[in-house]
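Please read the structure below before turning to the comments.
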Amino acid sequence: MSGLDYLLVTVGTTSFDDLARAADELVPQLSPADGLIQTGEGDYVPRNLPHERFVPGLRDLYDKSSVVIAHGGAATTFEVLRAGVPLVSVANGDRYDDHQADLLSELDAAGHLVWCEDLRNLSDAVERAMQTDLSPLPDDECTIGADIASYLSGVDGRRRVLDRLLLRTDRGT
Amino acid sequence: MTRHRILFVLGEGGHSAELLRLVDELGAVGDLVFIATTADRMADEWVPDDAELIRVRRPRGKDTRPVAAVRDTVVSFAQAAWAVRRVRPTAVITSGPAIGLVVSAAGWLMGARIIFIETISRVTGLSLTGRLMRPVADQYFVQWPEAQADAAGSAYAGRLM
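If you want it as structure tokens, here you go:
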């Protein structure tokens, strides 16, 4: 495999040494011209690419990346997808509130990213992400903010809890 | 009509990123006050410069023993209740970290409207926080149409990310 200009690897703000190590060990094979491994709170120290624990302007790097290998956190996942960059995602099983696999399997099934379920297959996953035309995320209009603003415009002052308990019918949206 | 005060509950990582999408739109209808745990390293960077950021203890750590978790939650709730009492928000908005539950409970008791946005990480099924928030939330959003089936009365109105 060749033609990789920039390889970005990000594990998020917690630690995910298995991902940092697997990606680092894949670097000689991928031989990107440049890249960065963001290691978070992990202990693993990459040898084959520049690395930093935290990168404040991480999202500025998405645009110049040929492919991004990332943990399955929602913020990172959606930012990379919105940037339109091929994405290989790995669920961080160390997270105590583990729902990353749920999100990734859904996005993988819809063809938006490549979900790497087993780090031993990372090489294949990267190849697949580079060679497949991943479909862009649909741009549903988000009216959550407008809906809340509209709801609040009808709210006058605070409610007493007792009223709430008696007037159960105004629950819901 | 008086301007609303809106209490935004930040969480670590993705929860904050989701919620911060609402800052501009809701800043137009109210004054925003932010609340985050002392463990949240990103909050200072994310909160707008002119807005207040209140810090409270993290209610439930990753590896804490039960005794410590109970103690932290009690302290967290007391701090959140104090903050709500002082800010007197018309609404509390959260996307579901544990601290969101604690602040919402305090807000609910003091008459604030509770607005819950289930995290985009949940495609089907609700998070633990999401289930616990069902009875107290005045507005309940999910970010996947599929998740609406798990929360009667919830709304899908697009995604924050």
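Residue numbers (this note's numbering), protein chains in the order written: chain A, 568 to 740; chain B, 437 to 597.
Yeah, the Cβ is synthetic: ideal placement off N, Cα and C, and Gly gets one too.
Proximity of chain A to residue 551 of chain B at the Cβ level (cut-off 8 angstroms) is accounted for by 715, 718, in chain order. Residue 472 of chain B: member of the beta strand (DSSP E) spanning 466–473, first to last residue. For residue 455 of chain B against residue 543 of chain B, the beta-carbon gap comes to about 15 angstroms, at or over 8 angstroms, which does not count as contact. Collapsing the DSSP output to three states places residue 584 of chain B in a helix.
Taking a Cβ-Cβ threshold of 9 angstroms, the residues of chain B close to residue 725 of chain A are 524, 525, 526, 546, 547, 548, 549, in chain order. Within the segment 590–614 of chain A, no residue has a Cβ lying closer than 8 angstroms to any Cβ of chain B. By the CB criterion at 8 angstroms, residue 595 of chain B and residue 683 of chain A fall outside the cutoff.
Rounded to the nearest angstrom, the gap between the Cα atoms of residue 612 of chain A and residue 488 of chain B is 37 angstroms. In the structure shown, residue 488 of chain B falls within a strand segment according to DSSP collapsed to helix, strand and coil.
For residue 669 of chain A, at least one C-beta of chain B is nearer than 8 angstroms to its own C-beta. DSSP places residue 549 of chain B in the uninterrupted beta strand (DSSP E) bounded by 549–553. The continuous stretches of alpha helix (DSSP H) do not include residue 614 of chain A, and DSSP gives it neither H nor E.
For the segment 630–651 of chain A, the set of residues with a beta-carbon nearer than 7 angstroms to any beta-carbon of chain B comprises 640, 641, 642, 645, in chain order. A direct Cα-Cα distance of roughly 15 angstroms separates residue 686 of chain A from residue 672 of chain A. Under a criterion of Cβ atoms nearer than 8 angstroms, no residue of chain B is adjacent to residue 585 of chain A; the nearest Cβ is some 17 angstroms distant.
For the segment 696–716 of chain A, residues whose beta-carbon sits nearer than 7 angstroms to a beta-carbon of chain B comprise 707, 708, 709, 710, 711, 712, 713, 714, 715, 716.
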